[in-house]
Each structure stands twice: as C-alpha cells, then as structure tokens.
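Visitor:
Residue numbers (the working numbering): 65 to 319.
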C-alpha cells in the first residue's frame with residue numbers, strides 16, 4: 065500500500081475553548097458582556113448572585129472570572145476570599161467604586177485586576193487578553209528554582225515558607241505586601257519605578273493607577289520601618305522606590 069503523508073496538525077487535539085464566568089447582578093450589563101465575549105470566541109457562563117457565583121466558580125473549571133463587588137446573597141469580596149482558599153483562577157473585579165482603598169481591598173482579597181464602571185468593552189477585552197496571555201505563559205514555564213532567603217539588614221524574607229521577620233520577630237504581611245517586598249528585595253539597590261513594580265507584582269501590564277503602589281509602600285513602612293526605626297525603603301522622587309541595607313552592606317543568604 066502507498067504510504068500516506070501525514071497532514072501537519074491532523075492528529076493534534078483541538079484547543080479547548082476558553083471559559084469565562086460572569087458574576088454580575090445587573091442583567092443588561094451581564095448580557096452585553098456575554099454577547100461581546102461570545103463574539104470573541106469565549107465560552108461564557110453567568111451567575112446573578114454571589115452564592116450561585118461561588119458554586120459555579122468552584123464547580124468550574126474556568127479560565128477567568130469577571131466578578132462584581134456589589135452582589136446580593138454574598139458580596140464579591142467575600143466570594144473572592146472563599147474562592148481563593150481553593151482556586152487561583154484569575155479574577156477581574158467589576159466595581160462602581162473608584163476609591164483607591166476599595167481597589168486595594170479587592171486586590172488584597174486576591175483579585176488580579178479591576179475595572180471601574182462604566183467601562184469601555186474594548187478595555188475589558190484588553191484586560192482579559194492580558195491576563196490570559198500571562199496565565200498561559202506561567203503554565204508553560206518550567207518550575208522555578210529554589211528561592212533564596214532575601215535580606216536587608218535585620219529584615220529577612222523567605223519566598224519558600226512565605227515568612228517575613230524583622231530582628232527575628234515575625235511580620236504579618238498580606239499576599240500583595242509580601243510580593244511587593246519580595247520584588248524590592250530581589251532588586252535591592254536598584255530603583256524600581258511604580259510601573260515596574262505593578263507589572264512585576266501583578267504579573268502583567270496592570271491598568272490600575274500607580275498610586276496603588278504608594279498605598280502598599282505605606283503599609284510596608286508601617287509594619288517594618290515604624291516599629292524598628294530603620295529606613296529600608298527609600299523614595300526616589302518622580303521615579304519609584306529602592307530597598308537598601310541600612311549599613312550599606314549586601315545581604316543575600318542562600319538556603
């Protein structure tokens with residue numbers, strides 16, 4: 065029999081559809097987003113209250129969740145906290161609140177991004193693409209090598225155990241605070257712009273306002289510098305921030 069020539073891609077499994085869950089109680093807005101996402105080729109599910117949204121989110125799997133904050137039954141932030149105990153699925157918050165602290169609260173609860181209502185659908189689609197792109201890159205990347213303990217003077221941060229201490233006293237940091245401090249310590253003595261910190265800590269081109277970084281820096285200073293009297297985080301006016309050893313020495317302790 066004549067040998068058959070294989071057609072490139074003939075035996076490859078089809079790419080599974082990208083599944084997105086919309087948790088939004090404004091029916092008109094939810095329907096508009098659903099139509100736009102479906103047009104873009106996404107497979108869409110909807111929930112109109114927080115409890116149903118949590119059930120669907122945990123049943124999944126979903127590639128991304130669009131989550132309104134003001135929901136009946138269970139508010140979006142509480143839903144997100146419960147979800148984060150079991151899943152790291154990317155979440156974009158849909159919020160009518162434009163206050164920095166509201167955004168920080170959402171990000172601290174585990175959101176990957178937020179968008180303030182009213183918003184242009186093109187911007188939402190761009191944010192979705194950005195998060196999904198980084199998610200695919202992370203899934204395709206090899207496992208990272210064992211991390212080293214990072215230090216600056218008496219401050220120690222262990223990326224493996226996710227512990228931070230100052231003068232051997234444990235410091236309780238939120239996930240975002242920890243990630244921001246880790247980024248600064250990994251780039252010790254280097255001035256990091258607010259944009260660089262946003263991109264590094266959140267893992268993609270973050271669309272939020274750069275003063276979010278300033279808020280987190282204040283949190284870190286309140287927990288690290290104020291109790292100890294040390295000045296570890298330096299503000300470089302007009303640029304960003306820098307971490308330096310208080311005595312000018314370098315410290316990088318390998319586990």
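Glycine included, every Cβ here is placed at the ideal spot set by N, Cα and C.
Mind checking which residues open and close the beta strand (DSSP E) that includes residue 109?
Guide: By one-based count along the chain shown, residue 109 stands at place 45. Looking at the DSSP string, the run of the beta strand (DSSP E) that includes residue 109 is 107–111.
Visitor: Would you grab the beta carbon distance between residue 118 and residue 138 for me? Rounded to a whole angstrom, and I think it's under 8 Å.
Guide: Numbered from 1 along the chain shown, position 54 holds the residue referred to as residue 118. Numbered from 1 along the chain shown, position 74 holds the residue referred to as residue 138. Contact flag correct, Cβ pair sits at about 6 Å.
Visitor: From which residue to which residue does the beta strand (DSSP E) around residue 174 run?
Guide: Translated into positions along the chain shown, residue 174 becomes position 110. Counting along the chain, residue 174 falls outside any beta strand (DSSP E), and DSSP gives it neither H nor E.
Visitor: How would you call residue 67, buried or exposed, if buried means at least 16 neighbouring beta carbons within 10 angstroms?
Guide: Along the chain shown, one-based indexing puts residue 67 at 3. Because residue 67 carries a pLDDT of 49, less than 50, the predicted location of this residue cannot be relied on, and the following value inherits that uncertainty. Its Cβ having fewer than 16 others within 10 Å, residue 67 is exposed.
Visitor: Nearest-angstrom Cα distance between residue 109 and residue 228?
Guide: Walking along the chain shown from the start, residue 109 turns up at place 45. Walking along the chain shown from the start, residue 228 turns up at place 164. Computed Cα separation, rounded: 40 Å.
Visitor: Hey, quick one: how far does the alpha helix (DSSP H) through residue 123 stretch, first residue to last?
Guide: In the chain shown, counting from the first residue as 1, residue 123 sits at position 59. Taken as a continuous stretch (DSSP letters only), the alpha helix (DSSP H) holding residue 123 covers 114–123.
Visitor: Suppose you measure from the CA of residue 213 to the CA of residue 133; what does that come to, to the nearest Å?
Guide: By one-based count along the chain shown, residue 213 stands at place 149. By one-based count along the chain shown, residue 133 stands at place 69. Rounded to whole angstroms, residue 213 to residue 133 spans 37 Å at the Cα level.
Visitor: Quick one: give me the first and last residue of the beta strand (DSSP E) that residue 304 is part of.
Guide: Here residue 304 is taken as the residue at index 240 of the chain shown, counted from 1. Where residue 304 is concerned, the enclosing beta strand (DSSP E) stretches over 304–307.
Visitor: Opposite residue 216 in the DSSP bridges: which residues?
Guide: Residue 216 sits at position 152 when you count from the first residue of the chain shown. Answer is 219, bridged to residue 216.
Visitor: So, are the CB atoms of residue 265 and residue 300 less than 7 Å apart?
Guide: As a working mapping, residue 265 is identified with position 201 in the chain shown. As a working mapping, residue 300 is identified with position 236 in the chain shown. No. Outside cutoff.
Visitor: If you reduce the DSSP assignment to three classes, tell me which class residue 132 lands in.
Guide: Locating residue 132 in the chain shown gives position 68, counting from the first residue. DSSP places residue 132 in strand when its eight states are reduced to three.
Visitor: Leaving aside the five residues before and after residue 84 along the sequence, list all residues of the same chain whose C-beta is less than 8 Å from its C-beta, in chain order.
Guide: Taking the first residue of the chain shown as position 1, residue 84 is located at position 20. Excluding positions up to five away in sequence, the list reads 101, 106, 107, 108, 109, 126, 127, 128, 129, 130, 192.
Visitor: Do residue 277 and residue 168 have their beta-carbon atoms positioned less than 7 Å apart in this structure?
Guide: As a position in the chain shown, residue 168 is number 104, starting the count at 1. As a position in the chain shown, residue 277 is number 213, starting the count at 1. In this structure, residue 168 keeps its C-beta atom at 7 Å or more from the C-beta atom of residue 277.
Visitor: Candidates 99, 104, 143, 136: which alpha carbon is nearest residue 82's?
Guide: Sequence index remark: in the chain shown, residue 82 carries index 18 (1-based). When each option's Cα is compared against that of residue 82, the closest is 104.
Visitor: For residue 197, collect the residues of the same chain with a Cβ closer than 6 Å to its Cβ; drop the 5 residues on either side in sequence, then sort them by chain order.
Guide: The count along the chain shown starts at 1 and reaches residue 197 at position 133. Here the set comprises nothing.
Visitor: Using beta-carbon positions only, say whether residue 157 and residue 170 come within less than 7 Å of one another.
Guide: Within the chain shown, the letter at position 93 stands for residue 157. Within the chain shown, the letter at position 106 stands for residue 170. Yes. Within cutoff.
Visitor: Between the C-alpha atoms of residue 219 and residue 296, what's the straight-line distance to the nearest angstrom?
Guide: Numbered from 1 along the chain shown, position 155 holds the residue referred to as residue 219. Numbered from 1 along the chain shown, position 232 holds the residue referred to as residue 296. Cα to Cα, residue 219 sits roughly 9 Å from residue 296.
Visitor: Rounding to the nearest angstrom, what Cα-Cα distance links residue 144 and residue 173 in this structure?
Guide: Walking along the chain shown from the start, residue 144 turns up at place 80. Walking along the chain shown from the start, residue 173 turns up at place 109. Approximately 7 Å, taken between the alpha carbons.
Visitor: Taking the alpha-carbon of residue 183 as reference, which of 216, 298, 93 has the nearest alpha-carbon?
Guide: Reading the chain shown from its first residue, position 119 is the one you call residue 183. Distance from the Cα of residue 183 is smallest, within the candidate group 216, 298, 93, for 93.
Visitor: What is the residue span of the beta strand (DSSP E) that residue 276 lies within?
Guide: Within the chain shown, residue 276 is the residue found at index 212, counting from 1. No beta strand (DSSP E) contains residue 276, which is instead part of the alpha helix (DSSP H) from 275–292.
Visitor: Secondary structure at residue 84, three-state DSSP: helix, strand or coil?
Guide: Looking up residue 84 in the chain shown gives position 20. In the structure shown, residue 84 sits in a strand (DSSP, three-state: E or B).
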